[in-house]
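Chemist: There's a structure below that I have some questions on.
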Amino acid sequence: MATFISVQLKKTSEVDLAKPLVKFIQQTYPSGGEEQAQYCRAAEELNKLRRAALGRPLDKHEGALETLLRYYDQICSIEPKFPFSENQICLTFTWKDAFDKGSLFGGSVKLALASLGYEKSCVLFNCAALASQIAAEQNLDNDEGLKITAKHYQFASGAFLHIKETVLSALNREPTVDISPDTVGTLSLIMLAQAQEVFFLKATRDKMKDAIIAKLANQAADYFGDAFKQCQYKDTLPKEVFPVLAAKHCIMQANAEYHQSILAKQQKKFGEEIARLQHAAELIKTVASRYDEYVNVKDFSDKISRALTAAKKDNDFIYHDRVPDLKDLDPIGKATLVKSTPVSVPISQKFTDLFENMVPVSVQQSLAAYNQRKADLVNRSIAQMREATTLANGVLASLNLPAAIEDISGDTVPQSILTKSTSVIEQGGIQTVDQLIKELPELLQRNREILDESLRLLDEEEATDNDLRAKFKERWQRTPSNELYKPLRAEVQILKNSKKNVSFFF
C-alpha cells in the first residue's frame, strides 16, 4: 500500500453557543412570537451540531466528515445574521495547535479568541485534516477507492489553501503555527502532490501509455519536491513528514525515468533506456538507504534491477548503442490532472440552514434606515403640501374665491348680477359713472396741491427747528423734526407714487 501523509485534527474546548444567541434573539424578535421560538430552537440545534462535530473523537469515515462540513457551512451562514463582536454577541473559541505535542510542564500551545473567523478557520482545518485521513484509509486496488482518495486530497488541498488566503484577515493577529499561512500552504501542496500520485497509480493500474505515465509521475515528483523545499528548514510539521516527502520525490522521479525508459526501448533508443534505468536505480537506492523506515521500495527496486540487467545484456550483445550522460537526455514532460478544489459554501451536499428565514443584521439595519428615511421624506412632503395649501387658500380668500364664482351654465342671467345692475341704474346708471370719471383729473390736481402744501409746511417747520437747535444748542430738547415727521413723510411719498400711477390714465 502506498504511504500517504495525513494531518492531525485540532482539538477545541466546549463553547455554549445557545445561551448568547438565544439572548440576542429574545431581545431582537417579539416576545412570545413563533419566529422567536423557531430561532431559539435553531440556536439549540446549532449547539448540538458543534458538540457532534468537535466534542468527541471522529471516526475516519464520510459521515464524520459530513458532520464537520455541515457545522462549517452553518457558522458561515450565521455570520452575517448575528452581530458577533466583543460588544454584542461575544463568544470565545479556544483551539490547540494540531502539531504541538506540548512539554512535560507547559502543556500544548493553544489560542483563545473572540472571533467567529477564527472558529471557521479551525473547523475548516479539521475538515481538510479528516479528509486527508479518510483518503489515506481507502483501498487503492479498485477505481472507486482511487476516485475517493483523489477527491478528498484535492478538497483538502483547496481547504488548506483557503485558510492560507483568509486566516490573517479573519484573526487580525498572528495565528498558531498549524494554521499559519506558511504551514497550511505547505499542507495544501502536499495534498495536491498526493492527489497527483493517485492519478499516477490509476494510470499505472489501467496500463495507460508509458509516455503519459512518465509525465504524471514527473509532475508528482515536482509537487513533492516543492513541498519538501518549503518545509525542510521548519520544524512545525511532524518529523516523519520530511523523509516521506523526500522519499516520494525520488520515487516519483524514478517512476518517471522507468516509464520513459520503456518508451525509449520502443523507439529503439537502447542507450537512453539504460541511462534512464541507471538514474532510476540510483534514486531508489537513495530512498532505500535513507528512508527505508518510512517507505518500502524493495519490489520497485527489484523491478528496475531486472529491467536494467536485461537492457545492458541486450545492448552489450546486440545493439552496442552508446549510453548518453544523464544531462544529455531530453527532459521528461509533465502532465497535471489535479487542482485544489475551491471552497464554496455550502460545501456539504446535505446542508440545511437552521436560520434560513432569519434576515441578516446588515439587511435589518438597512431596512430600518430605509424606513426612517422614507418617513422623513413623506413628512417633509406633507409639510410642504400643507404650507402650499394654506398659501393657496389665502390667495383664494383675498380674491373672494370661490364665493365670487357664479354658476353660468344655465340660459338666464344670475340673480346677483341682476341685483347689482338694478343698484347701478337706481344711482344714475352709466351717466353717473361717466361724470365721476370726468371729475377725477380735477380731484387729482387738488390732491397734488394739498400734498405739495403739506410738504412745504413740513420743510418750513424742519428749517425753523434746525435754526433754533443751532441757536440754543443743548437747551433745545425737542425731538428733531426729521425724526418726528419721518412716518408722515413716508406716507406722503406713498401717496405721491400713487398719484403718478393714477395720472398715467389721464
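Just so we're aligned: the sequence shown equals residues 1 to 506 in UniProt numbering. For each residue, glycine too, the CB sits at the ideal point set by N, CA and C.
#1: Assess contact between the segment 166 to 179 and the segment 217 to 226, defined as three or more Cβ pairs (one per stretch) separated by less than 8 Å. Is contact present?
#2: Grab me the residues of A2's own chain with a C-beta within less than 6 Å of its C-beta, minus the 5 sequence neighbours each way, in chain order.
#3: Pairing CB atoms from the segment 267 to 282 with CB atoms from the segment 231 to 243, are three or more of them under 8 Å?
#4: What residue does the alpha helix (DSSP H) around L484 start on, and which one ends it?
#5: Can you tell me the Cα-Cα spacing of V413 and K438, whole angstroms?
#6: What do you reckon, are the CB atoms on L187 and F160 nearer than 8 Å?
#7: Between which two residues does the alpha helix (DSSP H) harbouring L111 extend?
#8: Kindly list the residues whose CB is nearer than 7 Å to the CB of S6, restricted to its own chain and excluding five residues on each side of it in sequence; keep chain order.
#9: Considering only C-alpha positions, which residue in the set N139, A211, K215 and F125 is nearest to S180?
#10: Rounded to the nearest angstrom, what separates M145 and K248 at their Cα positions?
#11: Note down the Cα distance separating K234 from D292, rounded to an integer number of angstroms.
#12: What first and last residue would you give for the alpha helix (DSSP H) that runs through A265?
#13: Since I believe A53 is in contact with L354 (beta carbons under 8 Å), could you give me their beta-carbon distance rounded to a whole number of angstroms?
#14: Classify W95 as buried or exposed, calling it buried when 16 or more other Cβ atoms lie within 10 Å of its own Cβ.
#15: Give the straight-line distance between the Cα atoms of K151 and E79, rounded to the nearest whole angstrom.
#16: Please state whether DSSP places K96 in a helix, a strand or coil.
#17: Would DSSP call T12 helix, strand or coil?
#18: Taking Q219 as the reference, which of E257, E442, L391 and G394 has the closest Cα?
#19: Kindly indicate which residue of Q349, D330, K269 and S344 has the alpha-carbon position closest to the one of Y319.
#20: Would you call the CB atoms of V338 and A214 closer than 8 Å?
#21: Just to confirm, are E34 and A18 a CB contact at a threshold of 8 Å?
#22: With distances taken between CB atoms, is the gap from H259 to D302 smaller than 8 Å?
#23: Find out if the Cβ-Cβ distance for the pair G158, V359 is shorter than 8 Å.
#24: Please determine, among A114, T352 and K202, the residue with the shortest C-alpha to C-alpha distance to T149.
#25: Taking 8 Å as the threshold (C-beta atoms), are A114 and L9 in contact?
#26: Near L443, what residues of its chain come up, given a Cβ to Cβ distance below 7 Å and the 5 sequence neighbours on each side ignored?
#27: Buried or exposed for E14, please, with buried defined as at least 16 other CB atoms from any protein chain shown within 10 angstroms of its CB.
#28: Roughly how many angstroms lie between the CA atoms of I450 and K496, to the nearest whole one?
#29: Please classify Q27 as buried or exposed, where buried requires at least 16 neighbouring CB atoms within 10 angstroms.
Modeler: Once the coordinates are examined:
#1: no
#2: none
#3: no
#4: S481 to L484
#5: 31 Å
#6: yes
#7: Where L111 is concerned, there is no enclosing alpha helix (DSSP H), although the beta strand (DSSP E) it sits in stretches over K110 to L113.
#8: S132, Q133 and A136
#9: F125
#10: Sequence check: residue 145 is Gly here, not Met. So the two alpha carbons sit approximately 20 Å from each other.
#11: 22 Å
#12: Checking the sequence, you will find Lys at residue 265 rather than Ala. K265 -> alpha helix (DSSP H) spans V241 to Q266.
#13: With 8 Å as the limit, L354 and A53 do not qualify as a contact, their Cβ atoms being about 14 Å apart.
#14: buried
#15: 28 Å
#16: strand
#17: strand
#18: E257
#19: K269
#20: no
#21: no
#22: no
#23: no
#24: K202
#25: no
#26: none
#27: exposed
#28: 11 Å
#29: exposed
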